[in-house]
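Novice: My questions will all concern the structure given below.
In this note's numbering, the protein residues as written are 31 to 115.
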């Protein structure tokens with residue numbers, strides 16, 4: 031999956047069909063950093079919301095009262111630990 035090709039086209043199609051689009055910006059990429067940056071800029075200009083995956087998780091849960099909150103928190107902690115190595 032390339033940000034500037036597959037992701038961009040999918041975002042465009044979804045927006046054209048009336049969907050609200052949120053993209054986990056830290057979960058997409060391209061072989062070339064410049065292609066990724068151009069793709070991200072285009073996606074944002076089209077009107078999609080770009081957020082880190084962690085933000086999207088908490089956004090979907092809405093509050094710490096969600097029954098899956100603790101489970102999600104543990105996964106987020108594992109991910110942070112793995113990425114900090």
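All residues carry an ideal CB built from backbone N, CA and C; glycine is no exception.
Report the option in 86, 55, 91, 102 whose CA atom is closest to the CA atom of residue 74.
Specialist: Sorting 86, 55, 91, 102 by C-alpha distance to the C-alpha of residue 74 places 55 at the top.
Novice: Tell me the rounded alpha-carbon separation between residue 33 and residue 70.
Specialist: 7 Å
Novice: Using only CA atoms, which one of 78, 31, 85 lies nearest to residue 61?
Specialist: 31
Novice: Where DSSP assigns a beta bridge to residue 53, which residues make up the other side?
Specialist: DSSP, once it has assigned bridges, lists 80 as partnering residue 53.
Novice: Should residue 51 and residue 79 be called a contact, given that it needs their Cβ atoms to be closer than 9 Å?
Specialist: yes
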